[in-house]
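Okay, so the sequence shown: first residue is 1 according to full-length UniProt numbering, each after it adds one.
In this text, a Cβ means the ideal position worked out from N, Cα and C, and glycines have one as well.
The structure under discussion appears below in the form of structure tokens.
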Amino acid sequence: MLLRVLRTGVARAATAVLVAAGVAAGACWGGGSPPVSFCVPPPADLVAWWPFDETSGNVAHDIAGFPNDLAFMSGSYVPVAGKVGGGWQLGPAMTLAWAASQADLQVGSGNFTIETWVLRWNTVSSISTILAKRDSSGTGYGLIAANGQAYLRQSGSNSSPPPTSGSISTGGWRHLAVTVDRTANVVRWYVDGQQVATGPATTWFSGNLDTNAPAEVSTGGADIQLDELSLYKRALTANEIQTIFQAGASGKCKPASVTPTPTPTNTPTPVALGTVGIGGGLPVTVVPPGGTPTPAGTVPAFATVGPKQTPTATPTPTGMVPAFGTVGPKQTPTPTKTPTPTATPTKTPTPTATPTKTPTPTATPTKTPTPTATPTLTPTPTPTPTPLDGTLCVLKFYDMDQNGVQGTNEPFLQGWTFTIAQGSTVLGSVTTGGAGTPGVCVNLPAGQYTVTEVVQTGWFPTTPNPQTATVVGGQTVTLLFGNGRN
């Protein structure tokens, strides 16, 4: 899987040279921009980027910044040949993928850009959500496709106000970008690198757009294909958008897999003083212990050794003996007369005394030890098992036909609050969608609980409210609440 986007100065410098070369070649194309045959560096402040290159599984991986992966909550996708590598086709059945709310996806009160390659060949009114992060009150941002065009969702309202992008339903893959520059109070639409419409930004976006709702990609009844969906935390320039469009199938440069350079092992430095000659000039390299061994049959040395010398023994003169002083001619000594020895008288031996018999000692009787009493074991009491908690899940859906049953095209809603009580005691409250899931789940001790939704303005319940659930240890029970619009 691709790594995070690497923004190094070297990579940018190298790409800048390629871009400059491509622009210089424009004269050969009548002064216009030539098709780009190499990828272009992603613009700065890219915070989410879904290439949709996956061909299996249920997750679209984000390769920029924090991994805000899109996971399918309902429906599925069909892998297709995208504009840049692979792409995804969603629909026509209800399809919904979410990425949990995270700081990279929040735009606050700042500027932002959404750009993507899109292929939608029909002009029906069914909405396809290209990218949205809006709660049930409408706070947030959203880019949708319907009626053959693209729209911005107005923050705080469910309407789709003009201006729109113009037609995107013909011509195969179209590059679509919308920049929201709240600093300059202007929204700019781009199709295939060209600006096609503008409007005042504050008409649709005012205040802080942050919300705990997840980011969403979905479709509710019309096929749509997406590729290279990207979110930036600033308004891109016209030149940056044109450059991405001109890159065509090469697209933005994806990060490459980098194999780390292994740390080299230090080789011991030989302490040889050079090559020496031994035994008539045999070359031997002298090394310290642990280095290259000296060849067999050679002698290590740290200096130059000449030809091997055989030491000559000094002969001892004939008729000479070793001495500590000067030795003269050999002298013959005069023999000394040996005296006759006197006989020694023989000594009479003393008779050996007969030893007295030692009496055998009487053995002392060994006392028999008293056996140690075996201790009585105290039985260990059997521990009382801890009761298992159960799980209570609460789901909320938009009941469009108001029949109290969730249909395939009726999406889950986020940001709805429910109170949980046991008897007359309110234990607390939970909010749906806070963790990027269709609802919210809590662990509770076994027992009976009452769940009551806090109805929001403009909505009314289409299912019973409140509802009661019996939680059993180790099991999950789910309550489904539906709401229609006034």
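Shortest Cα-Cα distance from TRP50 to any of CYS393, GLN195, VAL118 and PRO466 involves VAL118.
When rounded, the separation of the alpha-carbon atoms in GLY65 and VAL47 is 5 Å. Looking at the DSSP output, ARG485 shares a beta bridge with TRP459.
Within its own chain, the residues whose Cβ lies closer than 8 Å to the Cβ of ALA446, once the five positions on either side in sequence are excluded, are PRO387, LEU388, ASP389, GLY390, VAL471, VAL472 and GLY473, listed in chain order. DSSP places GLU228 in the uninterrupted beta strand (DSSP E) bounded by 224-232. Our two residues, ASP192 and GLY199, have alpha carbons roughly 19 Å apart in a direct line. Under a 10 Å Cβ-count criterion, ARG174 is classified as buried, with 16 or more other Cβ atoms of the shown protein chains found around its own Cβ. Taking a 10 Å sphere around the C-beta of ARG188, we find 16 or more other C-beta atoms and assign the residue as buried.
Within 10 angstroms of the beta-carbon of PRO41 lie 16 or more other beta-carbons, which makes it buried.
With respect to THR452, ASN465 sits close: the two C-beta atoms are nearer than 8 Å. About 6 Å separates the Cβ atoms of ALA222 and GLY91, confirming a contact at the 8 Å cut-off.
Secondary structure at GLN102: coil, using DSSP grouped into helix, strand and coil. The beta carbons of ARG120 and SER169 sit about 6 Å from each other, so the pair counts as a contact at 8 Å. DSSP, reduced to helix, strand and coil, places GLY140 within a strand of the structure shown. Put simply, of ASN483, VAL477, VAL455 and THR55 the residue whose alpha carbon is nearest the alpha carbon of GLN402 is ASN483.
Straight-line measurement puts the Cα of GLY57 at about 37 Å from the Cα of PHE460. Going by C-alpha positions, LEU236 is about 13 Å away from PHE245.
Taking a contact to require three or more Cβ pairs closer than 8 Å, the region 211-226 and the region 125-140 qualify as touching. Using a Cβ distance threshold of 8 Å, LEU229 and THR55 do not count as a contacting pair.
Looking at the backbone, the Cα of PHE205 and that of SER109 are separated by about 9 Å. By the Cβ-count criterion, SER76 is exposed, with fewer than 16 other Cβ atoms from all chains shown falling within 10 Å of its own Cβ.
According to the DSSP assignment, PHE112 belongs to the beta strand (DSSP E) that extends over 112-119. LEU70 sits away from ALA44, with the two beta carbons spaced by 8 Å or more. For THR243, the uninterrupted alpha helix (DSSP H) run begins and ends at 238-247, by DSSP. Here VAL78 is exposed. Its C-beta has fewer than 16 other C-beta atoms within 10 Å. By DSSP's assignment, TRP50 forms a beta bridge with LEU229. Between PHE418 and VAL430 a beta carbon distance of about 6 Å is seen, short of the 8 Å cut, so the two are scored as contacting.
Annotated as distal: ASP227 and VAL59, with beta-carbon spacing of 8 Å or more. DSSP, read as helix, strand or coil, puts THR183 in coil. With contacts defined by Cβ atoms closer than 8 Å, LEU143 and VAL217 do not form a contacting pair. Its Cα nearest to that of GLN102, the residue THR211 stands out among ASN111, GLY248 and THR211.
In the structure shown, ALA93 falls within a coil segment according to DSSP collapsed to helix, strand and coil. For THR391, the uninterrupted beta strand (DSSP E) segment begins and ends at 390-398. Counting every other CB atom within 10 Å of its CB across the protein chains shown gives GLY439 a total of 16 or more, marking it as buried.
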